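The numbering used here numbers the first residue of the sequence shown as 9 and each following residue consecutively. Data block below; observations after.
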Amino acid sequence: HDWYKRHPEIDDEEIVTPLFGIGLPRTGSTALSHMMGLDPATRILRVWEQERHCPPPEKATELTDPRIAISHAGEEGFQQVVPEVTGMLPRGVEKSQECAHVLMECFSSGPSFELFVHAPTFNARSIAAEYEPYMVRAYEYHKRVLKLLQWRCPPKRWYLKTPVHTYDIEALLKVFPDANFVWTHRDPLRALSSVCSLIYHFRRAFVDNPNPEYLGHEHRDYWTKALQRALDVRERLGEDRFQDVYHRVQIVDPVKQVREIYAKFGWPWPAEMESRIAGWQEEHPKGQHDARPEFFALHPDAVAEEFRFYTERFGL
9 HDWYKRHPEI DDEEIVTPLF GIGLPRTGST ALSHMMGLDP ATRILRVWEQ
59 ERHCPPPEKA TELTDPRIAI SHAGEEGFQQ VVPEVTGMLP RGVEKSQECA
109 HVLMECFSSG PSFELFVHAP TFNARSIAAE YEPYMVRAYE YHKRVLKLLQ
159 WRCPPKRWYL KTPVHTYDIE ALLKVFPDAN FVWTHRDPLR ALSSVCSLIY
209 HFRRAFVDNP NPEYLGHEHR DYWTKALQRA LDVRERLGED RFQDVYHRVQ
259 IVDPVKQVRE IYAKFGWPWP AEMESRIAGW QEEHPKGQHD ARPEFFALHP
309 DAVAEEFRFY TERFGL
């Protein structure tokens with residue numbers, strides 16, 4: 009607020025046709041956002057600037073900003089507290105961060121808070137239909153953050169992502185009416201098992217005896233609703249504003265998936281993009297993550313039936 013007060017011209021910044029990543033969690037969306045961020049013409053929400061928006065970053069010092077070192081120290085501490093998570097996510101403080109962390113500043117990203125606490129009432133409230141006005145205000149704040157970050161530190165073509173957007177596309181569109189979407193897909197049983205395992209490991213560092221079966225139940229309920237709501241919006245908006253990315257394809261041919269995104273939305277393909285993606289793959293080999301669905305009471309037949317509307321629609 010103080011920076012906007014002293015520099016009202018920040019509000020003149022425009023966020024034009026941002027591209028938002030949506031879909032189930034654990035579908036390769038973090039890796040995809042890292043690869044999309046390899047293009048110098050694309051702006052991503054980096055970990056270090058997401059953690060500390062102010063003072064707004066400047067292009068001349070974006071690689072030497074002292075907040076980068078602070079975030080590195082925080083990352084080292086994080087790995088000591090939750091070492092099991094290290095191999096589950098591609099990480100790096102100069103890499104992209106989820107928008108959920110900005111929304112959390114408005115207490116408007118219920119599923120993200122559950123990484124650390126068991127808060128079923130808060131989560132239920134955050135996904136209730138009557139909560140949408142609060143989400144609109146959260147996205148308005150999100151937009152102010154993006155304007156601040158791009159003000160002195162272009163480029164201004166944003167690629168943003170968090171699975172939380174999947175539930176709140178209606179609210180998002182009221183603030184970013186020209187937004188387009190990349191929808192990442194994976195078999196729901198594998199995706200749910202993986203996200204429940206990730207949250208379980210997080211919670212064990214902060215909560216005594218987290219309940220794995222409740223995690224499974226909670227996420228089945230949340231993500232069936234989220235996907236159905238997203239599909240309803242997609243039917244209304246039409247296919248032109250959505251591009252699908254499949255986890256099974258991305259892990260073997262990420263260049264193909266990224267190229268298809270560029271082609272869909274008319275982005276020029278950089279000459280060195282393919283080699284950049286290959287280099288990123290070498291630096292970030294696929295981690296090993298043993299997620300057991302039965303531990304979270306995720307029964308294959310039940311999950312298949314609940315998500316049939318989704319798996320049949322996208323051939324999963």
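C-beta atoms are modelled at their ideal positions from N, C-alpha and C, and glycine is treated no differently. None of the values given here were measured: they were computed from a predicted structure.
If you draw a straight line from the alpha carbon of residue i to that of residue j, how long is it in whole angstroms?
i: Asp20; j: Val153; result: 13 Å
i: His227; j: Ala305; result: 11 Å
i: Ala373; j: Pro196; result: The question about residue 373 has no answer here: the residues shown for the chain are numbered 9 through 324.
i: Val190; j: Val55; result: 21 Å
i: Phe115; j: Glu282; result: 39 Å
i: Asp176; j: Pro141; result: 11 Å
i: Pro278; j: Phe86; result: 35 Å
i: Ala286; j: Arg300; result: 31 Å
i: Ala213; j: Val89; result: 7 Å
i: Trp231; j: Val260; result: 26 Å
i: Gly82; j: Glu70; result: 18 Å
i: Lys264; j: Gln258; result: 8 Å
Who are the Cβ neighbours of residue i in its own chain at under 7 Å, not counting the five residues just before and after it?
i: Leu157; result: Glu57, His61, Pro64 and Pro65
i: Ile18; result: Trp11, Tyr12, Lys155, Leu156 and Trp159
i: Tyr139; result: Arg133
i: Asp47; result: Pro278 and Met281
i: Glu314; result: Arg228 and Thr232
With distances taken Cα to Cα, identify the nearest neighbour of residue i among the options.
i: Asn219; options: Ala68, Phe124, Glu291 and Glu70; result: Phe124
i: Lys169; options: Pro301, Glu320 and Met43; result: Met43
i: His109; options: Arg133, Asp73 and Tyr149; result: Tyr149
i: Ile135; options: Val257, Phe250, Gln236 and Trp288; result: Gln236
i: Val172; options: Lys155, Pro308, Ala146 and Pro163; result: Ala146
i: Ala77; options: Gly100, Glu280, Ala68 and Tyr270; result: Gly100
i: Phe250; options: Val144, Pro16 and Ile30; result: Ile30
i: Cys107; options: Val24, Ile52 and Pro163; result: Ile52
i: Lys362; options: Leu32, Thr319, Glu247 and Tyr318; result: There is simply no residue 362 to check, as the chain begins at 9 and stops at 324 in what is shown.
i: Glu221; options: Lys103, Ser201 and Ala234; result: Ser201
i: Phe322; options: Glu290, Trp275 and His255; result: His255
Please name the residue or residues paired with residue i in a DSSP beta bridge.
i: Lys169; result: Gly29
i: Ser104; result: Arg54
i: Gln289; result: The partner list for Gln289 (beta bridge, DSSP) is empty, contrary to what the question assumes.
i: Asn188; result: Leu27
i: Gln251; result: Val190
Just confirm the distance between the C-beta atoms of residue i and residue j, as a whole number of angstroms; I'd bet it's less than 8 Å.
i: Leu40; j: Val203; result: Rounded, the Cβ-Cβ distance is 16 Å, inconsistent with contact.
i: Leu206; j: Arg34; result: 7 Å
i: Thr192; j: Gly36; result: 6 Å
i: Arg325; j: Thr50; result: With the chain covering 9 to 324 only, the question about residue 325 has no answer from this structure.
i: Ala179; j: Met143; result: 4 Å
i: Val93; j: Phe210; result: 7 Å
Excluding the 5 residues flanking residue i on each side, which residues of the same chain have their C-beta closer than 6 Å to its C-beta?
i: Gly224; result: Cys204, Phe304, Ala305 and Leu306
i: Arg284; result: Leu46
i: Arg4; result: Residue 4 is absent from the model: the chain starts at 9 and stops at 324.
i: Lys67; result: Cys161
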